[in-house]
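See below for the structure under consideration.
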Ligand code: PEP
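In this note's numbering, the protein residues as written are 45 to 290.
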């Protein structure tokens, strides 16, 4: 199983910037990314620009969300067949920013996961505890609740489904889980759900990628801020490739 490094661009980079980034990423990576699956997740409007630039390369393009209905009166949503028509290979679901700002729940995350997988898309389903939950000793309960919602909907996880453990207190804060904290959470998630890959997310950057990716249950990374800069994102991909060769 190869390591997965995914860049979540959030609400950054329109089509022009996306094309330029993807062209630069291919130059940066060269052949170095063997052994690593690389994904970029631009905003919906930039998916086609990314797909056009990355066509014929191993770098895949994911959306940042997907709706469970095929079509209908769901303003602001995008269906799996629309993503497929755009050339996307998968979607992130249940990101904590969706949960926090847009009322995403365990149930909607599970529904989005099922719809995407049934359409043949890959999925990165995000889970993670808030700071309050961690400080109250409720990390495992929060992870159990979120992971079991996905597991109940998809009892036998296919290879295309990855879970991203993203402690909410580490996202965009510059505060990273220690490798040990990440490893403990990943081992706990793996005990709940036999998913092939569990990614760590939360202020991953070139300086800390190696120690996080070296943990036995850390199978990749979901990278936010550091994925917006092509040099730092490529550096994280190269670190993962080096570790997977060693
Ligand atoms: C994310 O958006 O999934 C994320 C982990 O962001 P950052 O790397 O900026 O903390």
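For each residue, glycine too, the CB sits at the ideal point set by N, CA and C.
In the DSSP assignment, residue 281 falls within the alpha helix (DSSP H) that extends over 274-289.
Looking at the DSSP output, residue 237 bridges to nothing. When Cβ pairs closer than 8 Å are counted between the two stretches, the segment 84-95 is seen to touch the segment 47-66, the count reaching three or more. The straight-line gap separating the alpha-carbon atoms of residue 107 and residue 160 is approximately 11 Å. In chain order, 193, 194 and 197 place their CB closer than 6 Å to the CB of residue 154, counting only its own chain and leaving out the 5 sequence neighbours on each side.
When secondary structure is reduced to three states using DSSP, residue 215 falls in the coil class, being assigned neither helix nor strand.
Counting every other CB atom within 10 Å of its CB across the protein chains shown gives residue 230 a total of 16 or more, marking it as buried.
Under DSSP, no beta-bridge partner is assigned to residue 180. In this structure, the C-beta of residue 52 approaches the ligand PEP to less than 6 Å from one of its heavy atoms. Between the segment 91-103 and the segment 134-145, the count of Cβ pairs shorter than 8 Å is below three; the stretches do not touch. Taken through DSSP and simplified to helix, strand or coil, residue 266 comes out as strand. Residue 251 and residue 111 have their C-alpha atoms some 35 Å from each other. Between residue 191 and residue 158, the C-beta gap is not smaller than 7 Å, which leaves the two residues out of contact. The C-alpha of residue 273 lies about 32 Å from the C-alpha of residue 186.
With respect to residue 46, residue 80 sits close: the two C-beta atoms are nearer than 7 Å. Contact between residue 280 and residue 262 is absent: CB atoms are separated by about 13 Å, not below the 8 Å threshold. Between residue 224 and residue 259, the alpha-carbon positions lie close to 8 Å from each other. In this structure residue 264 is buried. Its beta-carbon is surrounded by 16 or more other beta-carbon atoms within 10 angstroms.
Nearest to residue 170 by alpha-carbon distance, out of 199, 183 and 207, is 207. In the displayed model, residue 83 falls within a strand according to three-state DSSP.
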